[in-house]
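Numbering (our numbering), first residue to last: 1 to 190.
Structure first, then comments.
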Ligand SMILES: [Zn+2]
């Protein structure tokens, strides 16, 4: 197993749709194991394959659900069904989101309250998960990665302006940037 560097906003693989997995072989199992190891080293709650530079439809997660139960899992080729996103302003105290590919920043964003995710695991076995609240937010965030969308692409006008300024300040608009979990300082101070 190996920890992979995490690529940063501006890297093309993050901004295009991930490809479906068709071969459920030892290589896929190894990649998924690497993704879990990389997620743990990064102190994150979810990681999508494009974030380690691989444009395939896989994400892993390791987080507490709404009932405080720790859930670790893997989705390959997922489909997400979400409730309607409320048409209200996000609460900066309760609805702030961050991303390992947008280091050291976070912004408020409205998300759907409930989702169901259907997919398979790395062996091709069907997996279904229904989630609410914060856990549903993680599922939407990771699923977005596989569509080539990052949470900062979804911000409302007010927060988008702040993001654009921070993006320019940090240079998160050009390819070639990455950071190494467990080696570089934790960008979120964990
Ligand atoms: Zn992310």
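The C-beta atom is built at its ideal place from N, Cα and C for all residues, glycine as well.
Please read all numbers here as calculations on a predicted model, not as lab measurements.
The beta carbons of residue 122 and residue 24 sit about 7 Å from each other, so the pair counts as a contact at 8 Å. Taken through DSSP and simplified to helix, strand or coil, residue 144 comes out as helix.
Residue 46 carries a strand assignment under DSSP once its states are collapsed to helix, strand and coil.
Pairwise C-beta distances place the stretch 165-179 out of contact with the stretch 110-129, as fewer than three of them are shorter than 8 Å. Excluding its 5 nearest sequence neighbours in each direction, residue 145 has C-beta neighbours in its own chain below 6 Å: 48, 50, listed in chain order.
Sequence-distant partners of residue 13 (beyond 5 residues in either direction) whose C-beta falls short of 8 Å from its own C-beta, in its chain, are 7, 50, 53, 54, 55. Taking 7 Å as the cut-off, the C-beta of residue 141 counts as close to a heavy atom of ligand 1. The beta strand (DSSP E) runs lying completely inside the stretch 119-187 and spanning 3 residues or more are 126-132, given in chain order. DSSP places residue 108 in the uninterrupted beta strand (DSSP E) bounded by 106-108.
Looking only at 68, 110, 120, the smallest Cα-Cα distance to residue 154 is reached by 110.
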